[in-house]
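Beneath this line is the structure, given in structure tokens, with notes to follow.
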Amino acid sequence: MGIWFKGQVGKIDYRLAFNRPLIVRNVPTGEVNFANNRPRIKTSTYVKYQFFEHESNKSAYQTGTYLQTKKVFNIGAGFQHQEKAMSDGDAQLASTNFYDMTHFAADSFLNLPLINGDAITAYLGYYDYDFGKDYIRNVGANNPTDGGGIDFNGTGVAFPMIGTGATWYTQFGYAFKQTKVLNQPMIIQPNFAIQHSNWDALEDKMTVYDFTVNFLLNGSQGNKISIGYQHRPIFDAATLQQKDYKGMAVLQYQIAMK
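In this note's numbering, the protein residues as written are 860 to 1117.
This is the structure:
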């Protein structure tokens, strides 16, 4: 349950939300995790300055790339805070330690149509997360396999994506002007993404790389084939040091129903 406010004043886009999250049923057992207490109000806000054309704020999400249709350059910042959101044990015990959850982020986004018909899309963000002492979570794409499990990453294709610490994240894409492939209109957009994180819980920094090529059928984002490769670090469960890299190939098809 919550309330939110959003709007645009001149070149400034803002949003502010107050909500009370659902009650956590799982009880933390020694390691910091979301507390099983009565959740406090969580406050979230984000403000950005739009130098050129404006992005719509009708949705909570952004388009990601506008290709040749819009010139955009934004700089934004925001934070999120929730008192006693995390704990290292049962909330009913006097010995349990509680931690506030406090995050800060600043980012910039660029979508630049070029005179030759191509377009550049770029994003850079810095995130300072505080979930409490040494909190860390491995996240991976849904996968039918469950191999591995002896490493800190756990099973499947997971890696330590989020936790207490600092993260830099960047994306860059270059969309070539529309051409024809097999006599069908298509836009080809190679892109890469890098996440570089310094998590308190790990002995080494964590860096993951993603390389993808998007094929926008009929020149539309609503009909897209993507071929990609992710290069993720593997951490030793005992030493919490990086010991290897492993890869994941991805083929996906996306269609938007309007």
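Even glycine gets a Cβ: it sits at the ideal position worked out from N, Cα and C.
Use the C-beta contact count for A894: other C-beta atoms within 10 angstroms, 16 or more gives buried, fewer gives exposed. So A894 counts as buried.
Label T1098 either buried or exposed according to how many other C-beta atoms from any shown protein chain fall within 10 Å of its C-beta, with 16 as the threshold for buried. It is exposed - the Cβ of T1098 has fewer than 16 other Cβ atoms within 10 Å.
Closer than 6 Å: R996 CB and nearest the ligand FMN heavy atom: For the ligand FMN, the structure offers nothing, since it holds no ligand at all.
State the Cα-Cα distance for the pair A1060 and K943, rounded to the nearest angstrom. Cα-Cα distance, rounded: 20 Å.
Closer than 8 Å is the cut-off here; do at least three beta carbon pairs connect the segment 941 to 956 with the segment 876 to 887? Touching, per the Cβ criterion.
Candidates V1040, F938, N1077: which alpha carbon is nearest Y988's? Nearest option by C-alpha distance: F938.
Flag this pair as yes or no: are the beta carbons of N1042 and P1019 separated by less than 7 Å? Against a cut-off of 7 Å, the Cβ pair of P1019 and N1042 comes out as no contact.
M1116 lies in the beta strand (DSSP E); which residues open and close that run? For M1116, there is no enclosing beta strand (DSSP E), since its DSSP letter is neither H nor E.
Within the chosen definition, does the segment 1084 to 1102 reach the segment 1050 to 1066 through at least 3 CB pairs nearer than 8 Å? Three or more Cβ pairs closer than 8 Å define a contact, and the segment 1084 to 1102 meets that threshold against the segment 1050 to 1066.
Given 8 Å as the limit, is there contact between the segment 921 to 928 and the segment 965 to 981, that is, 3 or more CB pairs closer than that? Yes, they touch.
For G1087, three-class secondary structure by DSSP: If DSSP states are grouped into helix, strand and coil, G1087 belongs with the strands.
Alpha-carbon to alpha-carbon, A1017 and V1119: What is shown of the chain runs 860 to 1117, which leaves residue 1119 out entirely.
L971, enclosing beta strand (DSSP E) - first and last residue: Counting along the chain, the beta strand (DSSP E) containing L971 begins and ends at 957 to 972.
Since I believe F1094 is in contact with N1012 (beta carbons under 8 Å), could you give me their beta-carbon distance rounded to a whole number of angstroms? The Cβ separation is near 6 Å, so the contact holds.
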